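Protein sequences appear in the order of chains Z and P.
For the first sequence, numbering that gives the first Met the number 0 assigns the number 0 to the initial residue and increments by one for each residue that follows.
For the second sequence, numbering that gives the first Met the number 0 assigns the number 0 to the initial residue and increments by one for each residue that follows.
Yeah, the Cβ is synthetic: ideal placement off N, Cα and C, and Gly gets one too.
All figures in this text were calculated on a predicted structure; none of them were measured in a lab.
Please read the structure below before turning to the comments.
2 protein chains.
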Amino acid sequence: MLDQSPDAVTRVTCIGAGPIGGGWAAHFLARGYHVTSYLHDAAEHDALMRLLETAWTSLEQIGLAPGASLDNFNWTTDLAEATADAEFIQESVPEVLPLKQALYKTLGDIVDARVVIASSTSGLSMTDIQANCATPERTVVAHPFNPPYLLPLVEMIGGKKTSEHTVQWSEQFYRCAGKSPLVMKKEIPGFIATRLQEAIWREALHMVANGEATVEQIDQAVVNGPGPRWALMGPCEIFHVGGGEGGMAYCLDQFGPALKLPWTRLVAPELTDELRNAMVDGCVEMTAGQDFATLSEKMNNGLVEIAKMKRKFEA
Amino acid sequence: MLDQSPDAVTRVTCIGAGPIGGGWAAHFLARGYHVTSYLHDAAEHDALMRLLETAWTSLEQIGLAPGASLDNFNWTTDLAEATADAEFIQESVPEVLPLKQALYKTLGDIVDARVVIASSTSGLSMTDIQANCATPERTVVAHPFNPPYLLPLVEMIGGKKTSEHTVQWSEQFYRCAGKSPLVMKKEIPGFIATRLQEAIWREALHMVANGEATVEQIDQAVVNGPGPRWALMGPCEIFHVGGGEGGMAYCLDQFGPALKLPWTRLVAPELTDELRNAMVDGCVEMTAGQDFATLSEKMNNGLVEIAKMKRKFEA
Numbered sequence: 000m001l002d003q004s005p006d007a008v009t010r011v012t013c014i015g016a017g018p019i020g021g022g023w024a025a026h027f028l029a030r031g032y033h034v035t036s037y038l039h040d041a042a043e044h045d046a047l048m049r050l051l052e053t054a055w056t057s058l059e060q061i062g063l064a065p066g067a068s069l070d071n072f073n074w075t076t077d078l079a080e081a082t083a084d085a086e087f088i089q090e091s092v093p094e095v096l097p098l099k100q101a102l103y104k105t106l107g108d109i110v111d112a113r114v115v116i117a118s119s120t121s122g123l124s125m126t127d128i129q130a131n132c133a134t135p136e137r138t139v140v141a142h143p144f145n146p147p148y149l150l151p152l153v154e155m156i157g158g159k160k161t162s163e164h165t166v167q168w169s170e171q172f173y174r175c176a177g178k179s180p181l182v183m184k185k186e187i188p189g190f191i192a193t194r195l196q197e198a199i200w201r202e203a204l205h206m207v208a209n210g211e212a213t214v215e216q217i218d219q220a221v222v223n224g225p226g227p228r229w230a231l232m233g234p235c236e237i238f239h240v241g242g243g244e245g246g247m248a249y250c251l252d253q254f255g256p257a258l259k260l261p262w263t264r265l266v267a268p269e270l271t272d273e274l275r276n277a278m279v280d281g282c283v284e285m286t287a288g289q290d291f292a293t294l295s296e297k298m299n300n301g302l303v304e305i306a307k308m309k310r311k312f313e314a
Numbered sequence: 000m001l002d003q004s005p006d007a008v009t010r011v012t013c014i015g016a017g018p019i020g021g022g023w024a025a026h027f028l029a030r031g032y033h034v035t036s037y038l039h040d041a042a043e044h045d046a047l048m049r050l051l052e053t054a055w056t057s058l059e060q061i062g063l064a065p066g067a068s069l070d071n072f073n074w075t076t077d078l079a080e081a082t083a084d085a086e087f088i089q090e091s092v093p094e095v096l097p098l099k100q101a102l103y104k105t106l107g108d109i110v111d112a113r114v115v116i117a118s119s120t121s122g123l124s125m126t127d128i129q130a131n132c133a134t135p136e137r138t139v140v141a142h143p144f145n146p147p148y149l150l151p152l153v154e155m156i157g158g159k160k161t162s163e164h165t166v167q168w169s170e171q172f173y174r175c176a177g178k179s180p181l182v183m184k185k186e187i188p189g190f191i192a193t194r195l196q197e198a199i200w201r202e203a204l205h206m207v208a209n210g211e212a213t214v215e216q217i218d219q220a221v222v223n224g225p226g227p228r229w230a231l232m233g234p235c236e237i238f239h240v241g242g243g244e245g246g247m248a249y250c251l252d253q254f255g256p257a258l259k260l261p262w263t264r265l266v267a268p269e270l271t272d273e274l275r276n277a278m279v280d281g282c283v284e285m286t287a288g289q290d291f292a293t294l295s296e297k298m299n300n301g302l303v304e305i306a307k308m309k310r311k312f313e314a
């Protein structure tokens with residue numbers, strides 16, 4: 000609740016029992032929370048329990064928080080009962096705006112206004128979702144990546160009526176809960192990670208449509224090429240390291256003109272001085288000024304571990 | 000040599016001593032080959048030796064081939080001497096077309112026509128590079144990802160004058176040498192992996208240019224979100240698994256309309272029946288018809304290993 004310290008939360012309610020809602024339940028349980036899931040239909044129960052058990056096998060290997068147990072799990076098909084004792088609510092119902100709007104209208108009336116309601120939506124804006132909610136200040140978008148118990152990203156942004164305190168408190172809550180929250184600067188369609196993912200996906204579809212590559216070739220190109228690097232460093236830091244001692248500045252000044260080459264169907268932005276400097280300064284800050292040798296050693300060590308892991312799986 | 004079996008090659012010459020040329024030398028040494036590097040300038044020698052020693056630390060951890068040793072390395076600044084005994088040549092000189100054309104003209108005259116000359120070019124076409132070469136049939140593009148000793152991808156394609164035998168023989172040679180060659184269907188700018196990488200990169204630049212995300216947010220979004228999955232599965236298989244029991248067919252039929260959403264600045268291709276079926280059939284073939292449970296277990300196991308690795312590095 001918003002008048003608690005974010006690290007004092009012990010009871011979380013997950014609304015929705017699909018892969019995302021169930022995955023969130025698994026994550027919060029593994030971090031030691033008491034979790035109640037609201038199921039739209041009791042028939043979803045068996046699939047949800049299978050999901051929790053599958054997830055638990057993975058989570059035990061990574062390490063559970065003290066006190067974490069599947070015994071701390073409850074479920075119900077009664078929304079008022081599910082949310083009665085909640086100190087935090089994670090909503091993961093289907094991506095249908097009228098459905099979410101109706102749900103937030105109900106929740107807005109029945110749930111204590113100090114309880115944050117966070118939506119797992121991957122595409123809708125909280126401004127739209129909260130439109131009919133009487134207590135919209137405590138609602139926020141918190142979009143995870145699947146499976147939420149193994150990938151730490153949570154993209155966050157409030158709607159027009161969301162309070163700044165809700166966003167900041169929730170960001171801290173997710174950190175306490177072992178996630179990596181990212182508070183976005185603007186409500187943009189697809190948020191950040193999905194936009195990047197979608198750019199790859201559309202380029203891949205173009206290549207298949209034009210007979211330039213097969214499905215398998217596209218996947219092999221990623222998994223055997225840039226993919227393992229992306230598990231360790233983002234696209235900006237990769238170029239920062241790729242530029243050697245000169246870093247991102249060298250890359251942009253040397254290879255900037257390559258932006259004009261037809262290396263994807265996505266048109267490039269103009270490489271203004273302002274954009275160049277934003278990229279360079281951003282890389283230096285992000286890496287806390289670590290030098291090329293340090294960064295490239297970090298990358299190599301990670302790639303060695305991934306290579307060893309793949310050999311183990313193949314054997 | 001083209002009249003040998005690809006697994007009979009024992010001596011490889013690497014032309015160029017930068018990160019790519021040196022990285023190739025490290026890779027071939029680790030796989031047990033005798034390697035000669037041609038250096039444009041003797042002054043490059045010290046940096047090359049440092050690169051080989053750094054690489055060797057990584058390669059020892061992954062595992063060396065029997066007989067692999069840094070003692071099997073030689074270098075020279077004499078091109079004729081460097082190539083005299085070569086059974087395979089990997090060329091990695093700077094990406095300047097007139098430079099490569101002049102080099103292939105020389106090599107075409109002085110190197111036995113049975114020796115394949117493979118270019119690490121990331122953007123030039125072999126049709127252009129081989130323009131002035133008297134023996135172009137044995138020349139081929141073989142583009143690695145950096146570092147070539149840790150990432151297995153080699154994107155391959157011949158030029159207009161390259162023989163089909165050269166492409167097939169070289170593909171087999173790279174497999175013997177522990178790489179993952181991918182023979183492309185068409186000479187397209189940026190090949191496959193770089194096009195996909197470039198789509199992400201340009202979308203990222205647009206976001207920074209528009210103040211929608213910072214450099215650090217873009218990198219965090221990838222590393223904590225889709226990145227770890229891309230180390231394990233390509234974008235097509237990820238959607239195939241993401242579709243649950245229904246696989247890629249479910250994804251496209253359900254979420255196809257989302258292609259019209261402005262989730263990236265890259266315009267989507269039309270999702271024709273032909274493209275839909277190419278994607279669906281490609282996924283089923285690529286995964287040898289493995290079911291959802293098997294594929295998602297594979298993905299989860301990999302993500303657990305990556306999560307454990309990251310914890311270890313943080314500790």
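Beta-carbon proximity check, residue i vs residue j, cutoff 8 Å
{"i": "residue 86(Z)", "j": "residue 8(Z)", "result": "yes"}
{"i": "residue 215(P)", "j": "residue 296(Z)", "result": "no"}
{"i": "residue 157(P)", "j": "residue 213(Z)", "result": "no"}
{"i": "residue 150(P)", "j": "residue 299(Z)", "result": "no"}
{"i": "residue 134(Z)", "j": "residue 107(Z)", "result": "yes"}
{"i": "residue 152(P)", "j": "residue 181(P)", "result": "yes"}
{"i": "residue 262(Z)", "j": "residue 189(P)", "result": "yes"}
{"i": "residue 116(P)", "j": "residue 79(P)", "result": "no"}
{"i": "residue 30(P)", "j": "residue 265(Z)", "result": "no"}
{"i": "residue 125(P)", "j": "residue 161(P)", "result": "yes"}
{"i": "residue 32(P)", "j": "residue 71(P)", "result": "yes"}
{"i": "residue 91(P)", "j": "residue 210(P)", "result": "no"}
{"i": "residue 44(Z)", "j": "residue 38(Z)", "result": "yes"}
{"i": "residue 61(P)", "j": "residue 306(Z)", "result": "yes"}
{"i": "residue 148(Z)", "j": "residue 54(Z)", "result": "yes"}
{"i": "residue 137(P)", "j": "residue 84(P)", "result": "no"}
{"i": "residue 154(P)", "j": "residue 142(P)", "result": "yes"}
{"i": "residue 219(Z)", "j": "residue 57(P)", "result": "no"}
{"i": "residue 279(Z)", "j": "residue 302(Z)", "result": "no"}
{"i": "residue 96(Z)", "j": "residue 123(Z)", "result": "yes"}
For residue i, the first and last residue of its enclosing alpha helix (DSSP H)
{"i": "residue 222(P)", "result": "214 to 223"}
{"i": "residue 202(Z)", "result": "192 to 208"}
{"i": "residue 240(P)", "result": "234 to 241"}
{"i": "residue 48(Z)", "result": "44 to 61"}
{"i": "residue 65(Z)", "result": "Looking at the DSSP string, residue 65(Z) is not in any alpha helix (DSSP H), and its letter there is neither H nor E."}
{"i": "residue 227(Z)", "result": "226 to 229"}
Sheet register partners of residue i (DSSP bridge)
{"i": "residue 249(P)", "result": "Paired residue(s): none; residue 249(P) is not in a bridge."}
{"i": "residue 181(Z)", "result": "154(Z)"}
{"i": "residue 14(P)", "result": "37(P) and 90(P)"}
{"i": "residue 75(Z)", "result": "37(Z)"}
Closer than 8 Å to chain C by CB, residue i
{"i": "residue 172(Z)", "result": "Checking the listed chains, one finds no chain C in this structure; the protein chains it contains are Z and P."}
Practice task
Only counting runs of 3 or more residues, tell me where the beta strand (DSSP E) segments fall wholly within the segment 105 to 176 of chain P, in order along the chain.
Solution key: 115 to 118, 138 to 143 and 152 to 157
Exercise for the section: At 4 residues or longer, and completely inside the segment 258 to 302 of chain Z: list those alpha helix (DSSP H) runs for me, N to C. Expected result: Segments of the alpha helix (DSSP H) lying fully in the segment 258 to 302 of chain Z: 272 to 285.
Problem - Members of the segment 207 to 230 of chain Z that neighbour chain P once the beta carbon cut-off is set at 7 Å - result: 207, 208, 210, 211, 212, 213, 214, 215, 216, 217, 218, 219, 220, 221, 222, 223, 224, 225, 226, 227, 229 and 230
Exercise for the section: Below 7 Å between beta carbons is the criterion; list the residues of the segment 3 to 36 of chain P that meet it against any residue of chain Z, in chain order. Expected result: none
Handout entry: Against chain Z: residues of the segment 177 to 196 of chain P by CB proximity under 9 Å
Key = 178, 179, 181, 182, 183, 184, 185, 187, 188, 189, 190, 191, 192, 193, 194, 195 and 196
Handout entry: Residues of the segment 72 to 89 of chain Z whose Cβ lies closer than 9 Å to any Cβ of chain P, in chain order
Key = none
Practice task
Determine which residues of the segment 234 to 263 of chain P have a Cβ less than 8 Å from any Cβ of chain Z, and write them out in chain order.
Solution key: 234, 235, 236, 238, 241, 243, 257, 258, 260, 261, 262 and 263
Exercise for the section: Scan the segment 133 to 166 of chain Z for residues whose Cβ lies nearer than 8 Å to a Cβ of chain P and list them as they occur along the chain. Expected result: Per Cβ criterion, the list reads 144, 145, 146, 149, 150, 151, 152 and 154.
Problem - Positions along the segment 283 to 294 of chain P whose CB lies within less than 8 Å of some CB in chain Z - result: 284 and 285
Exercise for the section: For the segment 42 to 57 of chain Z, enumerate the residues whose C-beta is nearer than 7 Å to any C-beta of chain P, in chain order. Expected result: Taking 7 Å as the Cβ-Cβ cut-off, the segment 42 to 57 of chain Z approaches chain P at 57, given in chain order.
Practice task
Pull out every residue of the segment 296 to 308 of chain Z whose Cβ sits closer than 9 Å to any Cβ of chain P, in chain order.
Solution key: Correct list: 296, 297, 298, 299, 300, 301, 302, 303, 304, 305, 306, 307 and 308.
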